[in-house]
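K.L.:
Take a look at the following structure, please.
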């Protein structure tokens, strides 16, 4: 039987990266995609609680069905697995290909990774695939090549990998031929420091617009995803969902009585 | 010198839980609050990239300044630390008091916890405080009592606790007098399974509304936050931000080549 691959993203079903992913995923099985109907970048693991959501089919061809959904990326995954696929077994979730890196702490802000993490909650192997290039017309050749390789490797080893399984894959912004290889990494330590762009709107009201820069706390650490990207490697970070800080639990012993 | 406490939440500056927190925080120092100007529940670690944001002061009295901001809870924390407080030292971040539990995997969907986590990125001890009751008129007495105790304990031990420090505190829905104590816990394993409420709008279009139930994968585990809440204990889970699944890294060795 043919495999069933579920796709989503956060840049909407209209993005170039999403289209590249549809073509890539077709090589591995039937494709059903439910993607946001508009840009949902930076939406993290957000869910829509206080309003109704609408879905419409935007494409149906041999082995490919694409739906546009008015919710967040995580809403897309939820309606897929708790409504659309209740009777069908999905073999793999892929979210992307994102326009922009989700390495380091970006994993926590990213709607692309939010949806991939959510997919893993349903016991399905999930891959978030991102290219370190925000250009709407970015060149996805390297990301497609790396994605093909990693998807193949994961599908070949499904039986021996534990669940939940979620991978944060990031591809450097360079020619496909310049990519040096794929590295298993850990998440880089470091945080964003923002600068709020401050101006006046046409009515004289002050507004703020978020902008900033990532501060890498360990730029020389070769086992991190940021190091890999900076040196033209594809980074693969497995993502877990137990947020408990076990070391801090020990530090708190006797502090909170 | 008086301490400076930064407050935010996801239920907006108009919620009863936020007001209860303002009164509690005043006992510990000067209070500056930047809270969303409307309900932002379920917004997770979301940030606003694609639109301008507006801020306005809604209250100023002895030792208390409150601002309403048009962004997400994380945007509130970001503008606080990268704009408003650039010249002032904040001693503690408290987000809440949330109407509804953020125990277990809810930590990942919660805007209240998103803002608390963000606060910890700035090196400031951060507490997310939530009551297991969604009622807009919920009784916050128990949550205030527990919060007072935990804030006091943390402020008394700041020098010996490592950073980043972020606590996910949840208070059971019972009378304050029925609370049995405070327990250090780990995050319960388990995920939400949703049911999409499906109806037609006045124009005959089908819509979906997210609703669901948390599936506890380990209801008898006494070291979990869900067990604590179910048995009338306040749960305290320290939250970390390295999402790397280190055990999976080993499992992937040799799988991705």
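Protein chains in written order, with my numbering: chain A, 62 to 318; chain B, 62 to 318.
Beta carbons are placed, not taken as given, at the ideal position from N, Cα and C, and that holds for glycine.
All values reported here derive from a predicted model rather than from experimental measurement.
Under a Cβ-count criterion, where at least 16 other Cβ atoms within 10 Å of its own Cβ denotes burial, should residue 318 of chain B be classed as buried or exposed?
P.N.:
By the neighbour-count rule (16 or more Cβ atoms within 10 Å), residue 318 of chain B is not buried but exposed.
K.L.:
Quick one: which chain A residues come within Cβ less than 9 Å of residue 144 of chain B?
P.N.:
Those within 9 Å of residue 144 of chain B in chain A are 255, 256, 257, 259 and 269.
K.L.:
Could you list the residues in the region 235 to 254 of chain A with a C-beta less than 7 Å from some C-beta on chain B, going in chain order?
P.N.:
Under the 7 Å Cβ criterion, the region 235 to 254 of chain A contributes 243, 245, 247, 248, 252 and 254.
K.L.:
Under 6 Å Cβ to Cβ from residue 208 of chain A, same chain only, skipping five residues before and after it: list those, please.
P.N.:
Same-chain partners within the cutoff: 85 and 190.
K.L.:
Going by Cα to Cα distance, which pick from A:62, A:144, A:174 and A:282 is closest to residue 270 of chain B?
P.N.:
For residue 270 of chain B, the nearest C-alpha among the options comes from A:144.
K.L.:
Would you say residue 175 of chain A and residue 171 of chain B are within 9 Å of each other, going by their C-beta atoms?
P.N.:
Contact flag unset, no.
K.L.:
If I'm right that residue 188 of chain A touches residue 158 of chain A with Cβ under 8 Å, what's the distance once you round it to whole angstroms?
P.N.:
The pair is not a contact, with the Cβ atoms about 10 Å apart (cut-off 8 Å).
K.L.:
Return yes when the C-beta of residue 80 of chain B is under 8 Å from any heavy atom of the ligand GDP, and no when it is not.
P.N.:
Questions concerning the ligand GDP fall outside what the structure shown contains, since it holds no ligand whatsoever.
K.L.:
Find out if the Cβ-Cβ distance for the pair residue 119 of chain A, residue 304 of chain B is shorter than 9 Å.
P.N.:
Cβ atoms of residue 119 of chain A and residue 304 of chain B: not closer than 9 Å.
K.L.:
Could you tell me which of B:132, B:70 and B:286 sits nearest to residue 343 of chain B, measuring between CA atoms?
P.N.:
Residue numbering for chain B in the displayed model covers 62 to 318; residue 343 of chain B lies beyond these limits and cannot be assessed.
K.L.:
In angstroms, rounded to a whole number, what distance separates the CA positions of residue 266 of chain A and residue 288 of chain A?
P.N.:
Rounded to the nearest angstrom, the two C-alpha atoms are 42 Å apart.
K.L.:
If residue 254 of chain B and residue 273 of chain B are in contact, beta carbons under 8 Å, what's the gap, nearest whole angstrom?
P.N.:
The pair is a contact, with the Cβ atoms about 6 Å apart (cut-off 8 Å).
K.L.:
Out of curiosity, what's the CA-to-CA distance linking residue 301 of chain A and residue 244 of chain A?
P.N.:
So the alpha carbons of these two residues sit roughly 18 Å apart.
K.L.:
Would you mind working out which of B:129, B:153, B:73 and B:72 sits nearest residue 88 of chain B, comparing C-alpha positions?
P.N.:
It is B:153.
K.L.:
Give me the residue from B:113, B:238 and B:162 with the minimum Cα distance to residue 263 of chain A.
P.N.:
Comparing Cα-Cα distances from residue 263 of chain A to each of B:113, B:238 and B:162, the minimum goes to B:113.
K.L.:
Can you find a CB in chain A that lies within less than 9 Å of the CB of residue 175 of chain B?
P.N.:
With 9 Å as the cut-off, residue 175 of chain B counts as an interface residue toward chain A.
K.L.:
Below 7 Å CB to CB, which residues in the same chain sit around residue 290 of chain A once its five sequence neighbours on both sides are set aside?
P.N.:
If we look at residue 290 of chain A and ignore the five residues flanking it on each side, its Cβ neighbours are 162, 164, 193, 231, 233 and 296.
K.L.:
If you measure between the beta carbons of residue 126 of chain B and residue 177 of chain B, is that distance less than 9 Å?
P.N.:
No, the Cβ-Cβ distance between residue 126 of chain B and residue 177 of chain B is not below 9 Å.
K.L.:
Here's the rule: buried if 16 or more other CB atoms are within 10 angstroms of the residue's CB, otherwise exposed. What is residue 180 of chain B?
P.N.:
Per the 10 Å Cβ criterion, buried.
K.L.:
Can you tell me whether DSSP reads residue 116 of chain B as helix, strand or coil?
P.N.:
If DSSP states are grouped into helix, strand and coil, residue 116 of chain B belongs with the strands.
K.L.:
For residue 373 of chain B, name the three-state secondary structure that DSSP assigns.
P.N.:
Not covered by the structure: residue 373 of chain B. The range shown for chain B is 62 to 318.
K.L.:
Could you give the DSSP three-state label for residue 243 of chain B: helix, strand or coil?
P.N.:
It is a strand residue.
K.L.:
For residue 71 of chain B versus residue 156 of chain B, is the C-beta distance shorter than 9 Å?
P.N.:
Cβ distance < 9 Å, so residue 71 of chain B and residue 156 of chain B count as in contact.
K.L.:
Output the residue ranges of the alpha helix (DSSP H) runs that lie fully inside the region 141 to 226 of chain B and measure 4 residues or longer, sorted by chain position.
P.N.:
Fully enclosed alpha helix (DSSP H) runs of 4 or longer: 167 to 170, 172 to 182 and 202 to 217.
K.L.:
Within 10 Å of its beta-carbon, does residue 138 of chain A have 16 or more other beta-carbons around it, so buried, or fewer, so exposed?
P.N.:
Buried, because 16 or more other Cβ atoms sit within 10 Å of the Cβ of residue 138 of chain A.
K.L.:
Which residues, in chain order, does the region 295 to 312 of chain B contribute to contact with chain A at a C-beta distance below 9 Å?
P.N.:
Here the close residues are 297, 298, 299, 300, 301, 302, 303, 304, 305, 306, 307, 308, 309, 310 and 312.
K.L.:
What does DSSP give as the partner residue(s) for residue 268 of chain B in the beta ladder?
P.N.:
DSSP, once it has assigned bridges, lists B:260 as partnering residue 268 of chain B.
K.L.:
Is residue 83 of chain A helix, strand or coil by DSSP?
P.N.:
Three-state DSSP puts residue 83 of chain A in a helix.
K.L.:
Taking C-beta to C-beta, are residue 73 of chain A and residue 100 of chain A nearer than 9 Å?
P.N.:
In contact: residue 73 of chain A and residue 100 of chain A (Cβ atoms closer than 9 Å).
K.L.:
Shorter than 9 Å from the beta carbon of residue 290 of chain A to some beta carbon of chain B?
P.N.:
No - not a single Cβ of chain B is within 9 Å of the one on residue 290 of chain A.
K.L.:
Would a C-beta distance cut-off of 9 Å place residue 136 of chain B and residue 173 of chain B closer than the cut-off?
P.N.:
Taking 9 Å as the Cβ cut-off, residue 136 of chain B and residue 173 of chain B do not qualify as a contacting pair.
K.L.:
Considering only their Cβ atoms, is the gap separating residue 107 of chain A from residue 205 of chain A smaller than 9 Å?
P.N.:
Contact flag unset, no.
K.L.:
If you check the beta carbons only, do residue 224 of chain A and residue 280 of chain A fall under 9 Å apart?
P.N.:
Cβ distance not < 9 Å, so residue 224 of chain A and residue 280 of chain A don't count as in contact.
K.L.:
Could you tell me which chain A residues have their CB closer than 7 Å to the CB of residue 324 of chain B, listed as they occur along the chain?
P.N.:
Here chain B comprises residues numbered 62 to 318, so residue 324 of chain B is not present and cannot be evaluated.
K.L.:
Less than 9 Å between CB atoms is the rule here; does residue 110 of chain A satisfy it with respect to chain B?
P.N.:
Cβ-Cβ to chain B under 9 Å: yes for residue 110 of chain A.
K.L.:
Starting from residue 287 of chain A, trace the alpha helix (DSSP H) in both directions and tell me its first and last residue.
P.N.:
Here the alpha helix (DSSP H) through residue 287 of chain A covers 286 to 291.
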